[in-house]
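Chemist: This is the structure I have questions about; it appears just below.
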Amino acid sequence: MDQNKTPLFDAIRDYISLKPAYFRIPGHRFERGINQRWKDVVGDEIFKFDLTETPLVDDLHNPEGAIKEAQELAREVFQADHSYFLVNGTTCGNEAMVMTTAFAGQKVAIPRNAHKSALMGLIIGGAEPVYIKPELSEEWGIQGGITPEDVETMFHEHPDCKGVMVVSPTYYGICSDLRGIAEVCHRHNAILMVDEAHGAHMYFSDQLPDGALVQGADMCAQSIHKVTGSLTQSSMLHVRSKLVDIDRLEATLHIVQSTSPSYLLMTSLDMARHDLAMHGKEMISNAVELSNFARKAINEIEGMICVGDSIIGTAGVKELDTTRLIISARKLGITGFQLKSILFDEYGIDVELSDYINVLAIVTFANTKDEMERLISALANIALKQASGSEIFNEIFLPEIPTRVLTPREAFFSAKKDIPWKDAKGKIAGEMIAPYPPGIPVIYQGEIVTEQVWNYIENYRIRGRHLHGPADKELIKFKVIDNK
């Protein structure tokens with residue numbers, strides 16, 4: 009196929025050029041109804057691309073023209089059999105993969121580092137989860153990977169499991185042995201789903217781990233917006249397998265996707281694919297070069313550490329996405345939470361997330377050498393000011409997987425009551441809790457709140473960290489299953 013084509017972009021541009029008298033959704037009528045203050049800042053033209061299913065521009069839920077061709081071009085670039093544009097983010101991709109793989113009551117293996125969207129797929133679809141706990145890197149205080157041995161053990165205990173989800177790469181760039189896991193899954197006639205939200209760029213560099221589809225995954229969902237050039241909330245789902253029921257997958261996508269898909273988001277996917285097809289190797293090479301430059305410089309700052317290849321081979325880590333900079337100032341007595349605040353408040357540097365030990369800086373093709381030097385300089389200044397600090401060690405260890413009493417779906421639709429959070433130990437959780445970012449649930453609905461779980465969450469709560477899931481955002485109250 010001609011990867012220099014941009015079918016959806018061209019179709020919308022052609023439609024706009026017709027200058028039709030417009031009596032359809034949306035109401036702003038080619039930008040005329042958009043707030044002037046907004047237009048004064050961002051201009052007019054972009055809003056003209058905010059259309060509905062007009063002639064020429066196709067329909068995401070029944071693609072026959074421009075969208076179909078744009079998805080076909082994406083399929084070729086990512087070496088898939090089928091590719092789908094997602095306007096509800098990788099969240100809906102994960103939901104669709106889970107719901108396609110296992111029917112209600114059937115088993116599906118979910119890692120405990122899975123995004124909360126996997127839980128949503130369980131709630132909607134009714135599958136029964138079997139949990140796999142990734143290994144923990146105690147040195148860095150982060151979860152590592154899932155190993156083929158972990159998956160084989162799971163199948164030994166649950167031979168009727170229909171599929172396995174793996175997060176690879178993780179938020180921190182940790183990559184599991186997907187080739188080995190794919191072999192295990194396929195030996196058991198099970199589907200391998202990969203949450204590849206953070207990995208779309210890996211298909212365009214021989215300096216990074218291979219993409220999930222290349223390694224044998226049956227399905228993967230990618231947040232194109234996270235690491236390449238599309239707009240926030242735009243993602244893709246790819247299939248490369250004979251095991252996946254395509255009719256069921258497409259029916260499921262109708263459930264989890266909006267019936268008013270954004271043409272801005274879809275056009276951004278078309279254009280991001282075009283950039284990757286035409287310039288992807290150069291783009292991702294720039295990201296790798298910048299991240300390697302920064303990692304080397306950071307590790308030369310006394311008191312600062314940036315994770316490198318030494319983590320490979322530990323805690324189930326098969327490979328590392330080196331465009332993720334995991335940075336720690338623990339030797340200076342500075343927590344990751346504190347370092348993130350200092351970088352932003354004092355240096356105007358905004359990193360992606362922090363945990364007790366680390367901050368995470370994501371490097372993409374669009375970063376600049378100047379930005380890397382600002383980060384390096386800031387870390388050097390912080391180290392100089394804090395030279396006398398005492399080393400800290402990880403105090404927040406992930407709890408063991410709590411006992412499940414109800415499936416996520418059963419718990420979601422059960423009666424609940426509010427109790428004080430301080431009294432939640434020993435109760436059955438009626439809502440999930442996921443520190444955000446990265447949005448990984450520590451406890452799911454239907455599980456018993458153990459002392460380990462309570463202490464872990466409390467450590468985040470007293471530090472004022474964002475907790476997704478609870479109705480009470482301050483977590484003074486907590487919903488539990490009402491057993492009366």
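Each residue of the sequence shown is one higher than the last, beginning at 9 in our numbering.
By construction, the Cβ of each residue, glycine as well, lies at the ideal position given by its N, Cα and C atoms.
(1) Specify the secondary structure class of Arg195 as computed by DSSP and reduced to three states.
(2) Just confirm the distance between the C-beta atoms of Ala19 and Asp52, as a whole number of angstroms; I'd bet it's less than 8 Å.
(3) Return helix, strand or coil for Pro443, following the three-state DSSP convention.
(4) Where does Ile263 sit, in a helix, a strand or coil, going by DSSP?
(5) Can you check the segment 238 to 315 for any beta strand (DSSP E) of at least 3 residues that lies completely inside it and give the ranges in chain order?
(6) I think Thr14 touches Ser243, with their Cβ atoms under 8 Å apart; what is that distance to the nearest whole Å?
(7) Between Ala88, Leu392, Glu482 and Phe401, which has its C-alpha nearest Tyr211's C-alpha?
(8) Let's see if you can read the secondary structure: which residues bound the alpha helix (DSSP H) around Asn463?
(9) Please list the terminal residues of the continuous alpha helix (DSSP H) segment that includes Glu165.
(10) In terms of residue numbering, what span does the beta strand (DSSP E) encompassing Gln453 cover?
(11) Assign Phe345 to buried or exposed, taking buried as 16 or more other Cβ atoms, counted over all protein chains shown, within 10 Å of its Cβ.
(12) If Val106 sits next to Val116, beta carbons under 8 Å apart, how far is it from one beta carbon to the other, in whole angstroms?
(13) Look up Cys183 in the DSSP assignment and give the residues it is bridged to.
(14) Shortest alpha-carbon distance to Leu245 belongs to which of His282, Phe86 and Leu387?
(15) Please report how far the alpha carbon of His2 lies from the alpha carbon of Pro156, in whole angstroms.
(16) For Gln94, which beta-bridge partners are listed by DSSP?
(17) For Gly181 and Ala323, which I take to be in contact (beta-carbon distance under 8 Å), what is that distance rounded to the nearest angstrom?
(18) From the DSSP output, read off the bridge partner residues of Glu136.
(19) How would you label Ser249, buried or exposed, when you count the other beta carbons within 10 angstroms and need 16 or more for buried?
(20) Give the DSSP-derived three-state secondary structure of Gly341 in the structure shown.
(21) Reducing DSSP to helix, strand and coil, say where Ser336 ends up.
(22) Let me check understanding here. Comparing Cα to Cα, which of Tyr271, His123, Leu387 and Cys193 lies closest to Ala205?
(23) Cα separation between Lys170 and Ala198?
(24) Taking the continuous alpha helix (DSSP H) assigned at Lys170, which residues delimit it?
(25) Measuring alpha carbon to alpha carbon, tell me which residue in Ile489, Ile263, Ile342 and Val175 is nearest Glu418.
(26) Alpha helix (DSSP H) containing Phe86: first to last residue?
(27) In terms of residues, what are the limits of the beta strand (DSSP E) holding Val367?
(28) DSSP three-state label for Met9, please.
(29) Give me the DSSP bridge partner(s) of Asp52.
(30) Determine the direct distance from the alpha carbon of Asn463 to that of His194, and round the result to whole angstroms.
(31) Thr376 to Glu165, Cα distance in whole Å?
(32) Taking DSSP as the reference, what is the three-state secondary structure of Leu475?
(33) Assuming Cys100 contacts Val325 (C-beta within less than 8 Å), just tell me the rounded distance between them.
(34) By the 10 Å Cβ neighbour count, where 16 or more other Cβ atoms means buried, how is Gly356 classified, buried or exposed?
(35) Between the C-alpha atoms of Asp363 and Ser266, what's the straight-line distance to the nearest angstrom?
(36) Can you give me the Cβ contacts of Met279 inside the same chain, cut-off strictly under 8 Å, excluding the 5 residues immediately before and after it?
Modeler: Result, derived from the coordinates:
(1) helix
(2) The C-beta distance from Ala19 to Asp52 rounds to 20 Å, too long to fall under 8 Å, and the pair is not in contact.
(3) strand
(4) Correct three-state label for Ile263: helix.
(5) 243 to 247
(6) In fact, because the Cβ distance is near 19 Å, the residues do not count as touching under 8 Å.
(7) Ala88
(8) Glu459 to Ile470
(9) Pro156 to Glu165
(10) From DSSP, Gln453 is part of no beta strand (DSSP E); its letter is neither H nor E.
(11) buried
(12) 6 Å
(13) Glu327
(14) Phe86
(15) Any question about residue 2 goes unanswered here, given that the chain covers just 9 to 492.
(16) Going by the sequence as given, residue 94 is Leu instead of Gln. The partner list for Leu94 (beta bridge, DSSP) reads Ser243.
(17) Actually they are not in contact, since the Cβ atoms of Gly181 and Ala323 sit about 13 Å apart, beyond 8 Å.
(18) Lys115
(19) buried
(20) coil
(21) strand
(22) His123
(23) Roughly 5 Å separates the two Cα atoms.
(24) No alpha helix (DSSP H) contains Lys170, which DSSP labels as neither H nor E.
(25) Nearest C-alpha to Glu418: Ile489.
(26) First-last for Phe86: undefined, no H or E at that position.
(27) From DSSP, the beta strand (DSSP E) with Val367 extends over Asn366 to Ile370.
(28) coil
(29) Its beta-bridge partners do not exist; DSSP assigns none.
(30) For His194 and Asn463, the distance between alpha carbons rounds to 39 Å.
(31) Rounded to whole angstroms, Thr376 to Glu165 spans 49 Å at the Cα level.
(32) strand
(33) Between Val325 and Cys100 the Cβ distance is about 29 Å, and since that is not below 8 Å, they are no contact.
(34) exposed
(35) Each residue's Cα considered, the two are about 34 Å apart.
(36) Thr14, Phe17, Gly237 and Ser238
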